[in-house]
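For the sequence shown, the residue numbers in my numbering are 5 to 90.
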Amino acid sequence: MRANGANEDELLKRITVNPAIFAGKPVIRGRRLAVEHVLGMLAAGDTPQALLGEYPWLEGEDIQACLVYARRLVAHERVDPALTGA
Numbered sequence: 005m006r007a008n009g010a011n012e013d014e015l016l017k018r019i020t021v022n023p024a025i026f027a028g029k030p031v032i033r034g035r036r037l038a039v040e041h042v043l044g045m046l047a048a049g050d051t052p053q054a055l056l057g058e059y060p061w062l063e064g065e066d067i068q069a070c071l072v073y074a075r076r077l078v079a080h081e082r083v084d085p086a087l088t089g090a
């Protein structure tokens, strides 16, 4: 499923922030699973299917919401390329 802008906004409702949970880090649906942790597992090579098996309450849309969240965050960052000598 490919997310469009309106669908992305709906997905992002799955990401919540509560100062009482992980010091206000973004988490999935108020649970004690940080977006950062999901992204770290994916970056380490875990598959979405592995995550769904590890966390039975987790849904595919939760994982997609984490990816949308990350994409929107980095869309506002500027990364300067390394300069090389000519």
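Just so it is clear, CB atoms sit at the ideal spot from N, CA and C, and this is done for glycine as well.
Tell me the DSSP secondary structure of A95 in three-state form. For the chain, the structure presents residues 5 to 90; residue 95 sits outside this window and is missing.
Reduced DSSP secondary structure (H/G/I, E/B, other) of V31: Within the sequence shown, residue 31 is the residue found at index 27, counting from 1. DSSP, reduced to helix, strand and coil, places V31 within a strand of the structure shown.
Taking C-alpha atoms, which residue in E81, C70, P52, R35 lies nearest to E12? As a first step, residue 12 is located in the sequence shown; it is residue number 8 there, counting from the start. Of the candidates E81, C70, P52, R35, the one whose C-alpha sits nearest the C-alpha of E12 is C70.
Pairwise C-alpha distance: L55 and R36: Working through the sequence shown from its first residue, we reach residue 36 at position 32. Working through the sequence shown from its first residue, we reach residue 55 at position 51. Near 14 Å, if we compare the C-alpha coordinates of L55 and R36.
When you compare the CB positions of L15 and E65, do they come within less than 8 Å of one another, or not? Stepping through the sequence shown from its first residue, residue 15 is reached at position 11. Stepping through the sequence shown from its first residue, residue 65 is reached at position 61. Against a cut-off of 8 Å, the Cβ pair of E65 and L15 comes out as a contact.
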